[in-house]
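Residue numbers (my numbering): 35 to 355. Backbone N, C-alpha and C define an ideal beta-carbon position, used for all residues, glycine too.
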């Protein structure tokens, strides 16, 4: 898996290069790219727009950018195959595109991600002055009524323990930052030693989603893992983990799962975060506190992360009179 998302500095420089063009030069470049359906030029335009003219800007996560990139690529493939005029698409073409995505067997969440990317491309074209078209504004998106925690449930304790039993000190630290501290992968890779307070048993998540900081408690096992990692490389400068790229960390845990003979159970990073949320909810029975722990603004988001046993209320109703 290669890293396709440029670093923040590169993205900012690229955005500045395009935004620095005269209005006419930027408009001509965008029109030409849309006419020829040139993927790299249209993606550069979309990336420049996302980096400079949105609320998240250059702090959009690599995961989000990968999804947008793939969505732009898929839209252009469809537009080329169906003779779209990108700047003046037919009124019914966007709906047919969504129908084609759905008919291809994609999950509703993936279809919605593809449509979001298409919308971003058209916002970028409007930003460049190439068109006034907003073809996806009124397109109906498929609804996925399956709960997220059902589609992608938390890791099971047996899997986590098997992984930890085979992990080296760095792999263990990464796995525990996900499954015990409940960090997003971008947050875990950004942890610096200056953020870690081992005596105080807490960790500063300095750059959470939306650039919001929070404090999370460190479990005994995570503290032990970080102490072991520090002993193996006794420096309190720089990042705790050696991997800067999402893909490198993914491949490392994927390889670890293969060593354990449990590669079929490995489902990326988010299932580890759900494991942490589910464990904490089982202990405190309070979605609000779990939301704070995970860095969610909305408790409804947290409900989609936590797996609640079907018989969770059995003991509570036992003594009803």
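Query: Along the beta strand (DSSP E) that carries residue 237, what are the first and last residues, could you check?; Result: 236-239
Query: Measure how close the beta-carbons of residue 207 and residue 275 come, nearest whole angstrom, since I'm counting them as under 8 Å.; Result: 6 Å
Query: How many angstroms separate the CA atom of residue 273 from the CA atom of residue 279?; Result: 13 Å
Query: For a quick check, are the C-beta atoms of residue 214 and residue 317 less than 7 Å apart?; Result: no
Query: Relative to the C-alpha of residue 165, which candidate in 254, 57, 138 and 300 has its C-alpha closest?; Result: 57
Query: If the criterion is Cβ atoms closer than 7 Å, does the pair residue 176 and residue 145 meet it?; Result: yes
Query: Look at the Cβ atom of residue 163, then the Cβ atom of residue 61, and state whether they are nearer than 7 Å.; Result: yes
Query: Do you know offhand how far residue 236's Cα is from residue 344's?; Result: 32 Å
Query: Does DSSP classify residue 248 as helix, strand or coil?; Result: strand
Query: Can you give the Cα-Cα distance for residue 217 and residue 191, rounded to whole angstroms?; Result: 17 Å
Query: On a CA-only basis, which of 185, 238 and 292 is nearest residue 193? Give me that one, please.; Result: 292
Query: In this structure, what does DSSP give as the bridge partners for residue 226?; Result: 273
Query: Among the residues of its own chain, which have a CB less than 7 Å from the CB of residue 277, if the five just before and after it don't count?; Result: 223, 283 and 286
Query: Classify residue 351: buried if its beta carbon has 16 or more other beta carbons within 10 angstroms, exposed otherwise.; Result: exposed
Query: Check the DSSP bridge columns for residue 119 and list the partner residues they point to.; Result: Partner(s): none; residue 119 has no beta bridge.
Query: In terms of residues, what are the limits of the alpha helix (DSSP H) holding residue 148?; Result: 142-161
Query: At what residues does the alpha helix (DSSP H) containing residue 195 begin and finish?; Result: 191-200
Query: With which residues is residue 231 paired in a DSSP beta bridge?; Result: 236
Query: So, helix, strand or coil for residue 339, using DSSP?; Result: coil
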